[in-house]
Amino acid sequence: MRNQPALNQRANWTRKSDLIEASSFLFVKRRIVPGRRKHRHVFPQSENAKQAFPGFVQTAHALQLKALQQFPDSNASLSPNSSMTTKELQEYWRNEKRQCRQVKLLFEIPSTRVVEHHLSKYVMYKIIILQTGSFDSNKSVIERRYSDFEKLHRNLLEEFSEEMEDVTFPKKTLTGNFTEEIINERKLAFKDYLRLLYSMKYIRRSKKFIDFLTRPELQEAYGCLRGGQYTKALEILLEVIGLQERLTRGNPVSVVPTLCAIVVCHKDLENPASAFEYGEKALSRLHMHTSHRYYIPLLETMITLAYELGKDFLSLQEKLEEWKTKKDPIRVFTLKELAVQEYVH
Numbered sequence: 001m002r003n004q005p006a007l008n009q010r011a012n013w014t015r016k017s018d019l020i021e022a023s024s025f026l027f028v029k030r031r032i033v034p035g036r037r038k039h040r041h042v043f044p045q046s047e048n049a050k051q052a053f054p055g056f057v058q059t060a061h062a063l064q065l066k067a068l069q070q071f072p073d074s075n076a077s078l079s080p081n082s083s084m085t086t087k088e089l090q091e092y093w094r095n096e097k098r099q100c101r102q103v104k105l106l107f108e109i110p111s112t113r114v115v116e117h118h119l120s121k122y123v124m125y126k127i128i129i130l131q132t133g134s135f136d137s138n139k140s141v142i143e144r145r146y147s148d149f150e151k152l153h154r155n156l157l158e159e160f161s162e163e164m165e166d167v168t169f170p171k172k173t174l175t176g177n178f179t180e181e182i183i184n185e186r187k188l189a190f191k192d193y194l195r196l197l198y199s200m201k202y203i204r205r206s207k208k209f210i211d212f213l214t215r216p217e218l219q220e221a222y223g224c225l226r227g228g229q230y231t232k233a234l235e236i237l238l239e240v241i242g243l244q245e246r247l248t249r250g251n252p253v254s255v256v257p258t259l260c261a262i263v264v265c266h267k268d269l270e271n272p273a274s275a276f277e278y279g280e281k282a283l284s285r286l287h288m289h290t291s292h293r294y295y296i297p298l299l300e301t302m303i304t305l306a307y308e309l310g311k312d313f314l315s316l317q318e319k320l321e322e323w324k325t326k327k328d329p330i331r332v333f334t335l336k337e338l339a340v341q342e343y344v345h
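Following the UniProt record's numbering, the numbering of the sequence shown begins with 1 at its first residue and continues without gaps.
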C-alpha cells in the first residue's frame with residue numbers, strides 16, 4: 001500500500017487492482033481476538049465499529065461496491081461475517097492481484113520502407129506490437145514516420161515533462177537520413193523509445209500515447225465509413241480494436257465508439273448476427289454508464305437486431321423505457337449518425 005493517506009487516493013483507484021487494494025486496506029481493522037495471541041483481520045460491521053470508523057467503513061463499502069459493479073466476475077466480494085488471519089488475507093489479495101495483472105506489450109520494428117512523392121520523401125517504420133505470452137494472432141502492425149514520433153515526443157514533453165526528463169529522442173540529421181546506417185540506428189532507437197514510454201504507467205495510459213498507436217488507423221476507418229466503404233472500414237476497425245482494448249484495459253468504456261462503429265458496418269453489410277455480437281460487447285461496457293451518449297442509440301439498434309434475429313428484445317426494451325422515464329425527452333442520434341461524427345477534422 002502506498003504511504004500517502006488513503007482518503008487522498010480514492011480518486012485514483014479506478015483500475016480493478018487499485019479498487020481491490022483500496023477496499024482491502026479500508027475494510028480491515030486489526031484487533032486481538034480474546035483468548036488468542038494471533039492478530040486477525042475482522043470486517044467492522046458492528047454499530048460500535050461504524051461509529052468509531054464512520055468514514056473508513058463508508059469508503060470501504062463504496063470502493064468494494066465499485067469493484068463489484070465494474071468487475072462482476074471478480075472474487076473480490078467478501079462475506080461480512082468472515083475473518084481471516086494476516087497470512088490468509090495476504091494470500092487472498094495476492095491471488096486477486098494475480099488475476100488482474102496488466103497486459104504487457106512488446107514493440108518491435110523489423111523493417112522500413114522509403115516513400116517518395118512528387119515533393120517529399122520519407123521513411124515509414126513498421127511497428128509490430130505483441131502481447132507477451134500470446135500467439136501471433138494477437139499482434140498489431142502499424143506504420144509511422146519520423147515526424148509522427150517527433151510529434152508524440154513534443155506532446156508528451158508538454159504533459160509529462162518530469163517523466164520525460166531522461167528520455168532521449170533520435171535527433172534529425174541534415175544529410176544522410178536515407179542511408180542504411182541511419183535508418184537501422186533509428187529502428188533500434190525507436191524500439192527502445194516505445195518500450196521506455198510503455199514502461200511508465202502514466203504515459204502508457206495517456207491519450208497522447210494511445211492516439212499515436214491507434215488514431216491514424218481510426219481516422220482512415222471512419223473516413224471509409226462516412227464514404228460508405230463499409231467492408232474496408234470494418235477490416236481496419238477489426239484490426240485496431242484488439243490493440244485499443246489492450247491499451248485501455250483500465251478504461252473499457254473508451255473502446256465503445258469503435259465497437260459501435262463495427263456494429264454499424266456489420267449492420268449495413270447485412271451481418272446482423274455479427275452486429276449483435278459486437279453490440280453486446282459494447283453494452284456490457286456501458287451497464288454502469290447509462291448516461292453515455294452511445295447508450296440509447298446502441299440500445300435502440302440492439303432491439304432492432306434482436307427482433308430480426310429472433311432473440312429476446314423485451315429486456316432491452318424495458319431498459320430503454322426505464323431510461324426514458326428517468327430522463328427528459330431529448331434529441332437522440334441514431335448509432336450511425338453518432339459513428340460518422342467521430343474523427344472529423
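Using N, Cα and C, we set each Cβ at its ideal position, and we do this for glycine too.
Should Y202 go down as buried or exposed, given a rule of 16 or more other Cβ atoms within 10 Å for buried? exposed
Where does the unbroken alpha helix (DSSP H) through R246 begin, and where does it stop? For R246, the uninterrupted alpha helix (DSSP H) segment begins and ends at Y230 to L247.
Report the residue from L105, H153 and L157 whose alpha carbon sits nearest the alpha carbon of T132. L105
Bridge partners for V123 per DSSP, in chain order? The partner list for V123 (beta bridge, DSSP) reads V114.
DSSP on R40, reduced to helix/strand/coil? Confidence in R40 is poor, its pLDDT being 39 and thus under 50, which makes the residue's placement too unreliable to answer from.
Within 10 angstroms of its Cβ, does G228 collect 16 or more other Cβ (buried), or is it exposed? exposed
From L119, I236 and E108, residue whose alpha carbon lies closest to that of L196: E108
Using only the alpha-carbon positions, how far apart do L78 and T86 sit? Residue confidence is low: L78 scores 44 on pLDDT, short of 50, so the model does not pin down where it sits. Its coordinate-derived value is still stated next. Their backbone Cα atoms lie some 15 Å apart in a straight line.
Neighbourhood of M200 by C-beta, 6 Å cutoff - its chain only, sequence neighbours within 5 removed: E163
Per DSSP, the bridge partner or partners of C108: Reading off the sequence, residue 108 comes out as Glu, not Cys. Paired residues: I128.
Any idea if A221 is buried or exposed, counting beta-carbon neighbours within 10 angstroms, 16 or more meaning buried? It counts as buried.
Report yes if the C-beta distance between L218 and Y343 is below 8 Å; otherwise report no. yes
Compute the Euclidean distance between the alpha carbons of H266 and R205, then round it to the nearest angstrom. 30 Å
Just to confirm, is the Cβ distance from A261 to L286 under 8 Å? no
Buried/exposed call for A273, threshold 16 Cβ in 10 Å: Exposed.
Pick from S161, K171, E180 and D148: whose alpha carbon is nearest that of residue 348? There is simply no residue 348 to check, as the chain begins at 1 and stops at 345 in what is shown.
Sequence-distant residues of its chain with Cβ nearer than 8 Å to V340 (five each side left out): Apart from the 5 residues on each side of it in sequence, V340 sits with its Cβ closer than 8 Å to the Cβ of Y222, L225 and R226 in its chain, given in chain order.
Assuming I183 and V123 form a contact by the criterion Cβ under 8 Å, report the distance between their Cβ atoms to the nearest whole angstrom. 6 Å
In angstroms, rounded to a whole number, what distance separates the CA positions of T325 and E318? In this structure, the straight-line span from the alpha carbon of T325 to that of E318 is close to 11 Å.
Does the beta-carbon of P72 have 16 or more other beta-carbons within 10 angstroms, so that it is buried, or is it exposed? Residue placement at P72 is poorly supported in this model, since its pLDDT is 42, which falls under 50; the coordinates are not used for a value here.
For M288, is the classification buried or exposed, using 16 other Cβ atoms within 10 angstroms of its Cβ as the cut-off for buried? exposed
Are any of the Cβ atoms in chain B nearer than 8 Å to that of H289? In summary, chain B is missing from the structure at hand, where a single protein chain is found.
Start and end of the alpha helix (DSSP H) containing S161? Counting along the chain, S161 falls outside any alpha helix (DSSP H), and DSSP gives it neither H nor E.
Opening and closing residue of the alpha helix (DSSP H) in which I210 lies: K207 to R226
F209 versus F190: straight-line alpha-carbon distance, rounded: 14 Å
Whole-angstrom distance between T168 and L194, CA atom to CA atom: Spanning the two alpha carbons is a distance of roughly 11 Å.
Just reading off the alpha helix (DSSP H) that V263 is part of, what are its end residues? V256 to D268
Would you mind working out which of I129, V115 and S111 sits nearest G242, comparing C-alpha positions? Comparing Cα positions, the closest option is I129.
Work out the CA separation of E158 and R331 for me, nearest whole Å. 38 Å
Going along the chain, which residues of its own chain have a beta-carbon closer than 7 Å to the beta-carbon of R36, five neighbours each way excluded? Note on R36: pLDDT 40, under 50, position unreliable in the model; no value is reported.
Does the beta-carbon distance from L335 to V264 come in below 8 Å? yes
Give me the Cα-Cα distance between L188 and P216, rounded to the nearest whole angstrom. Straight-line Cα distance between these residues: approximately 23 Å.
In angstroms with no decimal places, state the Cα-to-Cα distance between L314 and E322. Rounded to the nearest angstrom, the two C-alpha atoms are 12 Å apart.
Rounded to a whole number of angstroms, what is the C-alpha to C-alpha distance between Y230 and L269? 7 Å
So for I203, helix, strand or coil by DSSP? helix
L259 and A275 - do their beta-carbons sit closer together than 8 Å? no
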